[in-house]
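> Next up is a structure, given as structure tokens.
Protein chains: 2
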Amino acid sequence: MTTAPASPGAHTRPDARLADARQVHPAHERVSVPGSRPDLQVPRLRVHLTNGEAFDRYTTAGPGSDPAVGLPPLRAAWVRERGDDAAHDAGRPVTQMHHARAGRITPEMEFVALREDCEPELVRAEVAAGRAVIPLNVRHPEAEPMVVGRRFLVKVNANIGTSAVTSGVEEEVEKLTWAVTWGADTVMDLSTGRRIRETREAVLRNSPVPIGTVPVYEALEKVGGDAAKLSWEVFRDTVVEQAEQGVDYVTVHAGVLRAHVPLAAHRVTGIVSRGGSIMAGWSMAHARENFAYEHFDELCELLAAYDVTISLGDGLRPGSVADANDAAQLAELRTLAELTTRAWEHDVQVMVEGPGHVPLDLVEENVRLQQEWCHGAPFYTLGPLATDVAPGYDHITSAIGAATIGMHGTAMLCYVTPKEHLGLPDRDDVKTGVVTYKLAAHAADVAKGHPGARAWDDALSRARYDFRWHDQFALSIDPPTAQAMHDETLPAEAAKTAEFCSMCGPRFCSMRISREVTDLVLQRDAHAPGPVAAEGREPAPGPRPSA
Amino acid sequence: MTTAPASPGAHTRPDARLADARQVHPAHERVSVPGSRPDLQVPRLRVHLTNGEAFDRYTTAGPGSDPAVGLPPLRAAWVRERGDDAAHDAGRPVTQMHHARAGRITPEMEFVALREDCEPELVRAEVAAGRAVIPLNVRHPEAEPMVVGRRFLVKVNANIGTSAVTSGVEEEVEKLTWAVTWGADTVMDLSTGRRIRETREAVLRNSPVPIGTVPVYEALEKVGGDAAKLSWEVFRDTVVEQAEQGVDYVTVHAGVLRAHVPLAAHRVTGIVSRGGSIMAGWSMAHARENFAYEHFDELCELLAAYDVTISLGDGLRPGSVADANDAAQLAELRTLAELTTRAWEHDVQVMVEGPGHVPLDLVEENVRLQQEWCHGAPFYTLGPLATDVAPGYDHITSAIGAATIGMHGTAMLCYVTPKEHLGLPDRDDVKTGVVTYKLAAHAADVAKGHPGARAWDDALSRARYDFRWHDQFALSIDPPTAQAMHDETLPAEAAKTAEFCSMCGPRFCSMRISREVTDLVLQRDAHAPGPVAAEGREPAPGPRPSA
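Order-wise, the sequence lines are chains A and B. Residues 1 to 547 (UniProt numbering) make up the first sequence, in order. Residues 1 to 547 (UniProt numbering) make up the second sequence, in order.
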């Protein structure tokens, strides 16, 4: 995020190395930034450069726990000190929003401010206003606090989870760790199939990032997979069980109203949200209103007692560019806006989910309407995919939409892997999805002019221009991949300081020639009298006498 | 591009199958659309669907020639009939712009109009106005006419070429064929190193798409790699030799004026264009103005006699987001605008090249200024990359910028492969680059509302919603990849008609549930009296009695 000297600065302590079983480059070091209390240590990734400088980046310290033991309960003391750990018995709100509205800066807010390089008061104010969320269940003390909001770095969510057809518990924990290693800021466990609860327990205890779920998936398993057999009671009990386990945020499709469903009947791709189709199915089967909508206040009371953030699912999101920004989608968004306000009355933190498949010219309207109607509540979008024609490349079709919607103010991007529409992502797909979304989120941060965002680009570009190849690899978003691609044609160590690569060869390297040219210019400027030096700054065609 | 019935339509002749050694899916058929003369046959890719329908797409017929023989000289008769083949001796302009301005619709313009599904007069008018180019050297009769202009489909260029460090002639022809198979609309042969001329000859004789070059690369080889030894004469002779061989467009960095160079001296990454750095190096070494600028009118006369399109190189494009839209870049663009007008005075077709590395918020300004200053001459951009931090993923960082700049009016996108900044792309990189750029170009077409563009998305999405898996693969931008990803978890043939995939499993497939739900709605609508059917169209919260 910021360039720091290699020697310890005011805010960093390089000797406080954090556990790091997942180092992706030898020049990477995990350091921590101490906060106002001894148990508040904020992780940073320090990249040591060959020119003696160093560059610090936002990171998550946690990955690499022993799955049998889990991660240490980082936040347990903070929660206990506030008495928030027992509040679910008293029914008292324990949410970060509750504390923020009361004017309190919690350790979680301070942690987040140190991560984001901003004032704790900004974090408090944004959370109090509902424009940002810190999704942290009091029962998930292993999680490192992070913030989702348009004033902060754009975040990336990775989906993992078993399905009835494939994948097991160990594999999901491995995917979680892998996703976090590459920079996932939150992870959703979307397991269906058997062993949902067991998978989630393993994921939570090993997760240093907030974990989200879609509780209706587990509720549906409980009733044998028949949406018509669902009920508010089954759903509520599932939410409580998940909250007890420590789930940090839940997607609830409370905005799929009965009256909205017919609006989707004539779409090219109908209802493509799993949760949305389940709720619509229930609603149509019973000819009754969505039970999550009907019992929304009761749901909020439950969530407030654990600080489970609600993510208002967009069950009617478009599943094809043809269906983008249509009546069904916008009718649901209006309802989500109403539910946002109702959740805030209970001090429940809220995110609002967004599409989906959207042609690039309609992307901005999505975030503009959402921010306007939902009073600035953080927008959390899936892509969106800018075209439907590229299955196998939907991490790219969606990164195009994601960078654009992020630039316009979306706070968190849900990744899409190359397997989207085709099958359950494996470990490689998870990495590709996360890295692709991290670069899209960073492109959005740069485009927004987020303070300090461009420093990373500049550090890498300076290394590139100086032919510091090892620094270029170390600074890149995926060092082993960058180095492996360079090694393919020039594996020798000598090539790692050479003033060219195999793309153009030594004779044609523009950057080598450019440095010679600009050196000439700079020498001339240094020796020339004022007017001649200034002359070069203005375009002035035509030959001139030699200086 | 358009949905066509499987039976022969008014404009198509499915029995006229074209040579097709590169069929990427069994349901693909190359058909041709006949024009006004027997030797005018425009290729189309027909995708036969399992529901009896068919979908036609824009394609290039050519790839798959025998490298020893080359492709047939498709346009030889057209050129001969006009007497354009001998004009370079008379110094008479033979350009498509010349004919267009004289009010003539050439067979090339008609060919292009049939490919693009538009009126030939639109093509003529756009070429005459300089808003579109048909890059076709009279000496490259193997090429299938195509058009570059903002009123037409966004095109994709792929770069191939040897470097001094790696790659051979056969490998480059193979890369050419591979690039065209996946949809490259033009190819630039950027060979440096030895055997430049031999490589180019093999590429031209086997290329069904226009071939571009950067002549200063070969000129520099002729003078032993020392930019200071270059001269207008060496450069001019090289251009004439390449024009004689059949090169369709040449990038010339005539806009890198001596006075612009100092503007780049304080950049993060200086001059990153090879041609730009060579011209700046020459200019600084001799303290003289850029020789291509000085001799620009003479250059245009040469190009006009072969109909070589000039692509005005952006030698001062930004090589990092820090340098985007800076004084050096914009000073050069002003010069390119001046050169555009001068080239048009010679009836030379013109494209203007653009960046490079540009943060997403500055992308639109690039195309807006270029279109304004250069009087609508087609913009041809490299990416742009939206961030510098992801070497190894620069096909993606740049596809983000490319889709955006395409949406705003860029006519052709120069691809970037995953190897950008790291090494010379191999065959796999070429495919990844082309497919990525084709999806970005299509996303731009959809966002622009280009007539018929979205039909492809709709056809694929309908196949997806109907669980016609084989149709989804056949319609996708890369059928073998889509099918291989599906096969990874569900290889059995039965899975190719199953109403689910491994992502969610059978119980949770939203599209299956959605179809059940919407069927219910549609049945209810069909049986209900008017007011009840209408009621569903308005959002109306709250439970209702069962219908």
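C-beta atoms are modelled at their ideal positions from N, C-alpha and C, and glycine is treated no differently.
(1) Counting only beta-carbon separations shorter than 9 Å, does Leu460/B have a partner in chain A?
(2) Between which two residues does the beta strand (DSSP E) harbouring Leu45/A extend?
(3) Which first and last residues belong to the alpha helix (DSSP H) in which Pro215/A is found?
(4) Run through DSSP, which three-state label would Met284/A get?
(5) Using beta carbons (cut-off 9 Å, strictly below), is His527/B in contact with chain A?
(6) Taking the alpha helix (DSSP H) that Asp428/A falls in, what are its first and last residues?
(7) Would you mind telling me which residues of chain A sit closer than 7 Å to Thr178/B, beta carbon to beta carbon, in chain order?
(8) Output the distance between the C-alpha atoms of Glu420/B and Arg104/A, rounded to the nearest integer angstrom.
(9) Can you give me the Cβ contacts of Gly406/A inside the same chain, cut-off strictly under 7 Å, excluding the 5 residues immediately before and after it?
(10) Residues of chain B with CB under 7 Å from Ser273/A, in chain order?
(11) By the three-class DSSP mapping on this structure, what secondary structure does residue 562/B have?
(12) Taking contact to mean at least 3 C-beta pairs separated by less than 8 Å, is the region 302 to 322 of chain B in contact with the region 379 to 399 of chain B?
(13) Quick check on His527/B: does DSSP put it in helix, strand or coil?
(14) Indicate whether at least one CB of chain B lies closer than 9 Å to the CB of Ile196/A.
(15) Mind checking if Leu424/A is an interface residue toward chain B, Cβ cutoff 9 Å exclusive?
(16) Name the chain B residues whose beta carbon is nearer than 9 Å to that of Tyr465/A?
(17) Which of helix, strand or coil does DSSP assign to Arg80/B?
(18) In its own chain, which residues sit with a C-beta less than 6 Å from the C-beta of Val272/B, not counting the 5 before and 5 after it?
(19) Is Leu522/B close to chain A? Criterion is C-beta to C-beta, closer than 9 Å.
(20) Might you give, ordered along the chain, the residues of its own chain that have their beta carbon closer than 8 Å to the beta carbon of Arg197/A, omitting 5 neighbours on each side?
(21) Which chain B residues sit within Cβ distance under 9 Å of Leu299/A?
(22) For Lys175/A, which residues does DSSP report across the bridge?
(23) So Pro107/B is in the alpha helix (DSSP H); what residue range does that whole segment cover?
(24) Taking the Cβ atom as the reference point for each residue, do Val47/A and Val94/A lie within a distance shorter than 9 Å?
(25) Specify the secondary structure class of Ile396/A as computed by DSSP and reduced to three states.
(26) List the residues of chain B that Tyr393/A touches, going by C-beta distances under 8 Å, in chain order.
(27) Below 8 Å, how does it come out for the region 355 to 363 of chain A and the region 323 to 332 of chain A: are there three or more Cβ pairs, yes or no?
(28) Where are the alpha helix (DSSP H) runs, 4 residues long or more, that stay fully inside the region 319 to 380 of chain A, in chain order?
(29) At which residues does the beta strand (DSSP E) containing His28/B begin and terminate?
(30) Of all the options Leu230/B, Asp307/B and Tyr249/B, which has the alpha carbon lying nearest to the alpha carbon of Ile278/B?
(31) Beta-carbon within less than 8 Å of Met97/B's beta-carbon, same chain only, minus the 5 sequence neighbours each way: which residues are those?
(32) So which residues on chain A does Gln472/B lean against when the C-beta distance must stay under 7 Å?
(33) Could you check whether the Cβ of Gly281/B sits closer than 9 Å to any Cβ belonging to chain A?
(34) Go through the region 235 to 274 of chain A residue by residue and report every complete run of the beta strand (DSSP E) that reaches 3 residues or more, in order.
(35) Of all Cβ atoms in chain A, is any one closer than 9 Å to the Cβ of Gly383/B?
(36) Strictly below 8 Å CB to CB, what residues from chain A border Thr397/B?
Based on what the coordinates show:
(1) Under the 9 Å criterion on CB atoms, Leu460/B is classed as interfacial with respect to chain A.
(2) It spans Gln41 to His48 - the beta strand (DSSP E) in which Leu45/A sits, taken as one unbroken run.
(3) Per DSSP, Pro215/A is one residue of the alpha helix (DSSP H) stretching across Pro215 to Lys222.
(4) Looking at Met284/A - three-state DSSP - the assignment turns out to be helix.
(5) Chain A has no Cβ within less than 9 Å of the Cβ of His527/B.
(6) Its alpha helix (DSSP H) spans residues Arg427 to Lys448.
(7) This sequence places Trp at residue 178/B; Thr is not what is there. Correct list: empty, because the minimum Cβ distance to chain A is about 17 Å.
(8) Arg104/A has its alpha-carbon roughly 49 Å from the corresponding atom of Glu420/B.
(9) So the list reads Val154, Leu413, Ala440, Ala441 and Ala444, once near-sequence residues are dropped.
(10) Under the 7 Å cutoff, chain B gives Ser510.
(11) Outside the modelled stretch of chain B, which goes from 1 to 547, sits residue 562/B, for which no answer is possible.
(12) The answer is yes - the region 379 to 399 of chain B touches the region 302 to 322 of chain B, with three or more Cβ pairs under 8 Å.
(13) If DSSP states are grouped into helix, strand and coil, His527/B belongs with the helices.
(14) Chain B, which has no Cβ nearer than 9 Å to the Cβ of Ile196/A, makes this no.
(15) Cβ-Cβ to chain B under 9 Å: yes for Leu424/A.
(16) By Cβ distance, chain B contributes Arg267, Val268, Thr269, Gly270, Val272, Gly319 and Ser320.
(17) Three-state DSSP puts Arg80/B in a helix.
(18) Excluding sequence neighbours, Val272/B sits near Gly319.
(19) Yes, its Cβ sits closer than 9 Å to a Cβ of chain A.
(20) Same-chain partners within the cutoff: Glu218, Glu241 and Gln245.
(21) Residues of chain B with a Cβ closer than 9 Å to the Cβ of Leu299/A do not exist; the shortest Cβ-Cβ separation is about 16 Å.
(22) None; Lys175/A has no bridge partner.
(23) Element bounds for Pro107/B: Pro107 to Glu116.
(24) Their beta carbons are not under 9 Å apart, which means Val47/A does not touch Val94/A by this criterion.
(25) The three-state reading of DSSP puts Ile396/A in helix, counting H, G and I together.
(26) Neighbours of Tyr393/A on chain B, chain order: Val435, Thr436, Leu439, Ile477, Asp478 and Thr481.
(27) Three or more pairs of CB atoms, one per stretch, sit closer than 8 Å, so the region 355 to 363 of chain A contacts the region 323 to 332 of chain A.
(28) Qualifying alpha helix (DSSP H) stretches, in chain order: 327 to 345 and 363 to 373.
(29) If you look at His28/B, you'll find it in the beta strand (DSSP E) that goes His28 to Pro34.
(30) The shortest Cα separation from Ile278/B among Leu230/B, Asp307/B and Tyr249/B belongs to Leu230/B.
(31) So the list reads Val127, Ala128, Gly130, Val133, Trp344, Asp347, Val348 and Gln349, once near-sequence residues are dropped.
(32) For the C-beta of Gln472/B, the chain A residues within less than 7 Å are, from N- to C-terminus, Pro391.
(33) So yes, Gly281/B belongs to the interface.
(34) Within the region 235 to 274 of chain A, complete beta strand (DSSP E) segments of at least 3 residues are found at 249 to 252, given in chain order.
(35) Answer no: the Cβ-Cβ gap between Gly383/B and chain A never drops below 9 Å.
(36) Here the neighbours are Leu439 and Ala443.
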